[in-house]
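Engineer: Take 929 as the starting number for the sequence shown in the numbering used here and just add one per residue. From the three backbone atoms N, C-alpha and C, an ideal C-beta is built for every residue, glycine too.
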Amino acid sequence: MPSDLIRDLEPGATRWLAGHALACKWSGLPEDARRIALHCIVDWYAVTLAAIGDPALAPLLADAAEQGGPGQASAAGVGARLGMYPAALVNGTTAHLLDYDDVNLAIVGHPTAVVYSALLPLAETLGADGPALLSAFVAGYETACRVGRWLGDAHYARGYHATSTVGVVGAAAACARLMGLDQARTACALGLAATQAAGLKSMFGSQGKPLHAGLAARNGLMAARLAARGYEGGGLLEAAQGYARVLSPAPDDAALRADPPGGLYLYGRLFKYHASCYGTHAAIECARALRESGVEPDRVESVQVDVHPGSRDMCDIPAPKTAAQARFSLRLNVACGLAGIDTSAISAYTDALLRDERLAALRDRIEVRDTDAMRTMESEVRVVLRGGATRRARIDAGVPQPDIGIEAGRLRDKFLALAGPVLGRAEAERLLDDIHGLPAAGDPRALAQALCAPLRRAG
């Protein structure tokens, strides 16, 4: 659609989203929101660095290296500089590979993995400063969450992976904001991103799932760059056969514009402290609590796990055959919690874990049921012990940590545990300082190049 036509239209959803994204300024955010945004970026580096070198990435890296072309940007685990598009693809896939990245229930997905992965190669190429990068990140994050509420939970229930289908629009908004596009060009970028929205939940437990995040990052970046060059075709997201009404049976136009509690979706962030699908986390915490109360695995007769239907749809692989599938198995992860296995360690999910006969026997005594009585990320675990005694625990993992100081400490521990072995402790602490230095006009180029530090260290 020509930009002059978009400019003359009533301020519908597309133009409203574009204007909302462009109005985002780092300096205008509350202090607690700024801290949370930095927490998201700290977490992104932790999980991305930890995934570098994973054999599952080898085909993607080989394909990216084979494409050639002028190298403009750094990419996770790649020694040579790549073009911006393959860098965004590699970064997004790597960030989501371990399924250990942050979550927001507004999209029932992982906004940072897509939005920051799209922004970083663009910021490196443009030489943008820290505040500009951070303004764009928050703009993209908030856009993704608003679009997630617009499509509603029915979008995810249909089988769409919202990290990708919603994240691509957030990535386009973020890149348009960083590039300084006007409202009309940003609206075009959102439309070009929306027509590329794809990602199926049937890919969960396979390498296709993290690829969704990489594709969304790449496509959102491409949408913004094409729009900046005058490429037309950015159709309105609210059109009769447009993005919202094709991807959702009941898009909620009021929810799109409604402000969340506190005025920002950043306040709804959720960070992972188990290296598995977030739908398993409440059940793991229940199992750990029961173990700490004295429940011993050998005394367990049977276990009943009640979860929200969405969690069962997301992560109920009964008998996983691979480490990737293990991260999406409620039964296995509850067994790990009862057995005292440290599910915060990415090294926990191995072939050896899957071959553990005692753990498999415990897993097979676990039944998973879904019930609408549970909130989205809530679980109850009920254990029947030999002799008939019953113990139960109920936890809601969908509630953000109210104390930002506690959150900062937990994320620092997670960052050092994941990035420390990759970079070395001293280098990891320096990187952490550099991330926190972004608001003071820090240099995103140095942060982008930090993704290559593991290769230099190995060399």
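Buried or exposed, going by whether 16 or more other CB atoms sit within 10 Å of the CB of S1275?
Structural biologist: Translated into positions along the sequence shown, residue 1275 becomes position 347. Exposed, since its Cβ has fewer than 16 Cβ neighbours within 10 Å.
Engineer: Going by Cα to Cα distance, which pick from G1315, F1256, A1251 is closest to D1284?
Structural biologist: Residue numbering aside, residue 1284 sits at position 356 when the sequence shown is read from its first letter. A1251 is the residue among G1315, F1256, A1251 whose C-alpha sits nearest the C-alpha of D1284.
Engineer: Short check: CB of G1158 to CB of G1119, under 8 angstroms?
Structural biologist: Here residue 1158 is taken as the residue at index 230 of the sequence shown, counted from 1. Here residue 1119 is taken as the residue at index 191 of the sequence shown, counted from 1. The Cβ atoms of G1158 and G1119 lie no closer than 8 angstroms to each other.
Engineer: With a threshold of 16 other CB atoms inside 10 Å of the CB of V1223, please say whether the residue is buried or exposed.
Structural biologist: Counted from its first residue, the sequence shown places residue 1223 at position 295. It is buried - the Cβ of V1223 has at least 16 other Cβ atoms within 10 Å.
Engineer: Taking the straight line between their C-alpha atoms, what separation do you get for A951 and P958?
Structural biologist: By one-based count along the sequence shown, residue 951 stands at place 23. By one-based count along the sequence shown, residue 958 stands at place 30. So the two alpha carbons sit approximately 15 angstroms from each other.
Engineer: Kindly indicate which three-state DSSP category V1097 falls into: helix, strand or coil?
Structural biologist: Position 169 of the sequence shown holds residue 1097. Of the three classes helix, strand and coil, the one that applies to V1097 here is helix, per DSSP.
Engineer: For A1248, tell me which candidate among V1231, D1226, A1280 has the shortest Cα-Cα distance.
Structural biologist: Start at 1 with the first residue of the sequence shown, and residue 1248 comes out as number 320. Contrary to the premise, residue 1248 reads as Pro rather than Ala in this sequence. Comparing Cα positions, the closest option is A1280.
Engineer: Closer than 8 angstroms by C-beta to K1129: which residues in its own chain qualify, once you throw out the five before and the five after it? Chain order, please.
Structural biologist: Position 201 of the sequence shown, counting from 1, holds the residue named residue 1129. Counting only Cβ-Cβ distances below 8 angstroms, and skipping sequence neighbours, we find Y1084, G1087, Y1088, H1089, D1241, M1242.
Engineer: Using C-beta distances below 8 angstroms, list every residue in its chain close to L1408, excluding the 5 sequence neighbours before and after it, in chain order.
Structural biologist: With the chain represented from 929 up to 1387, any question about residue 1408 goes unanswered, as that position is not in the structure.
Engineer: Could you check what DSSP says for R1293 in three-state terms: helix, strand or coil?
Structural biologist: Counting from one through the sequence shown, the residue named residue 1293 turns up at place 365. Residue state, collapsed to three classes: coil.
Engineer: Among residues of its own chain, excluding the 5 on either side of A990, which ones have a beta-carbon nearer than 8 angstroms to its beta-carbon?
Structural biologist: One-based indexing of the sequence shown puts residue 990 at position 62. Result list for A990: empty, nothing under 8 angstroms.
Engineer: Check each candidate in L1375, Q1232, I1245 and name the one with the smallest Cα separation from R1297.
Structural biologist: Position 369 of the sequence shown, counted from the first residue, corresponds to residue 1297. For the residues L1375, Q1232, I1245, the minimum Cα distance to R1297 belongs to Q1232.
Engineer: Measuring alpha carbon to alpha carbon, tell me which of A1273, L1062, G1136, I1035 ends up nearest A1046.
Structural biologist: Against the sequence shown, residue 1046 aligns to sequence position 118. Of the candidates A1273, L1062, G1136, I1035, L1062 places its Cα closest to the Cα of A1046.
Engineer: Is there contact between the segment 1316 to 1324 and the segment 1047 to 1056, where contact requires at least three CB pairs shorter than 8 angstroms?
Structural biologist: no
Engineer: Residues in its own chain within less than 7 angstroms of L1351 by CB, not counting five upstream and five downstream?
Structural biologist: Here the question's residue 1351 lines up with position 423 in the sequence shown. So the list reads L977, L1359, A1381, P1382, R1385, once near-sequence residues are dropped.
Engineer: Among all the DSSP beta bridges, which residues are the ones paired with Q1232?
Structural biologist: Position 304 of the sequence shown holds residue 1232. Paired residue(s): E1295, R1310.
Engineer: Can you tell me the Cβ-Cβ gap for A1016 and A1145, rounded? I've got them flagged as a contact below 8 angstroms.
Structural biologist: Taking the first residue of the sequence shown as position 1, residue 1016 is located at position 88. Taking the first residue of the sequence shown as position 1, residue 1145 is located at position 217. Indeed, because the Cβ distance is near 4 angstroms, the residues count as touching under 8 angstroms.
Engineer: Could you tell me if M1169 is buried or exposed, where buried requires 16 or more neighbouring beta carbons within 10 angstroms of its beta carbon?
Structural biologist: Numbered from its first residue, the sequence shown carries residue 1169 at position 241. For clarity, residue 1169 is Gln in the given sequence; the question names Met instead. Exposed is the call here.
Engineer: Between which two residues does the alpha helix (DSSP H) holding T1040 run?
Structural biologist: Residue mapping note: residue 1040 aligns to position 112 of the sequence shown, counting from 1. Counting along the chain, the alpha helix (DSSP H) containing T1040 begins and ends at 1039 to 1054.
Engineer: Sort out for me which residues DSSP pairs D1324 with in a bridge.
Structural biologist: In the sequence shown, the residue the question calls residue 1324 occupies position 396. By DSSP's assignment, D1324 forms a beta bridge with E1306.
Engineer: Since W972 and A1056 should fall inside the 8 angstroms C-beta cutoff, what is the C-beta to C-beta distance between them, to a whole number of angstroms?
Structural biologist: The residue labelled residue 972 in the question sits at position 44 within the sequence shown. The residue labelled residue 1056 in the question sits at position 128 within the sequence shown. No, W972 and A1056 are not in contact; Cβ-Cβ is about 17 angstroms, not under 8 angstroms.
Engineer: Would you check if the segment 1256 to 1273 and the segment 990 to 1009 touch, i.e. whether three or more CB-CB distances between them fall below 8 angstroms?
Structural biologist: no
Engineer: Do A1151 and R1113 count as a contact pair if the criterion is CB distance below 8 angstroms?
Structural biologist: Against the sequence shown, residue 1113 aligns to sequence position 185. Against the sequence shown, residue 1151 aligns to sequence position 223. For R1113 and A1151, no; Cβs fall outside 8 angstroms.
Engineer: Mark T1208 as exposed unless 16 or more other C-beta atoms lie within 10 angstroms of its C-beta, in which case mark it buried.
Structural biologist: Indexing the sequence shown from 1 puts residue 1208 at position 280. Buried is the call here.
Engineer: Quick one: Cα of V1470 to Cα of A986, how far?
Structural biologist: It is not possible to answer for residue 1470, since the shown part of the chain is limited to 929 through 1387.
Engineer: Distance check for A1117 and A1325, CA to CA, integer angstroms please.
Structural biologist: Along the sequence shown, read from residue 1 onward, the residue named residue 1325 stands at position 397. Along the sequence shown, read from residue 1 onward, the residue named residue 1117 stands at position 189. In this structure, the straight-line span from the alpha carbon of A1325 to that of A1117 is close to 35 angstroms.
Engineer: Give every residue of the same chain whose Cβ lies closer than 8 angstroms to the Cβ of L1103, excluding the five residues on either side of it in the sequence, and list them in chain order.
Structural biologist: Stepping through the sequence shown from its first residue, residue 1103 is reached at position 175. Note on identity: in this sequence residue 1103 is Cys, with Leu being the wrong assignment. Residues A1046, L1047, L1050, A1064, G1068, A1117, G1148, L1149, A1151, A1152, R1153 of the same chain have their beta carbon placed closer than 8 angstroms to that of C1103, with the five preceding and five following residues left out of the count.
Engineer: Can you give me the start and stop residues for the alpha helix (DSSP H) that V1262 sits inside?
Structural biologist: Here residue 1262 is taken as the residue at index 334 of the sequence shown, counted from 1. Where V1262 is concerned, the enclosing alpha helix (DSSP H) stretches over 1258 to 1267.
Engineer: Could you give the first and the last residue of the continuous alpha helix (DSSP H) run that contains L1120?
Structural biologist: For the purposes of this step, residue 1120 is identified with residue 192 of the sequence shown, where counting begins at 1. Where L1120 is concerned, the enclosing alpha helix (DSSP H) stretches over 1111 to 1122.
Engineer: Given K953, which residues of its chain have a CB within under 7 angstroms of its CB, disregarding the five upstream and five downstream residues?
Structural biologist: Position 25 of the sequence shown holds residue 953. Here the set comprises S1063.
Engineer: Can you tell me whether P1179 is buried or exposed, with buried defined as 16 or more other CB within 10 angstroms of its CB?
Structural biologist: Residue numbering aside, residue 1179 sits at position 251 when the sequence shown is read from its first letter. The residue in question, P1179, is buried, as its Cβ has 16 or more Cβ neighbours within 10 Å.
Engineer: Determine the contact status of G1020 and A1141, defining contact as a CB-CB distance below 8 angstroms.
Structural biologist: What you label residue 1020 is simply residue 92 of the sequence shown in a count that begins at 1. What you label residue 1141 is simply residue 213 of the sequence shown in a count that begins at 1. A contact, by the Cβ cut-off of 8 angstroms.
Engineer: DSSP three-state call for D1284: helix, strand or coil?
Structural biologist: The residue you call residue 1284 lines up with position 356 of the sequence shown. In the structure shown, D1284 sits in coil (DSSP, three-state: anything other than H, G, I, E or B).
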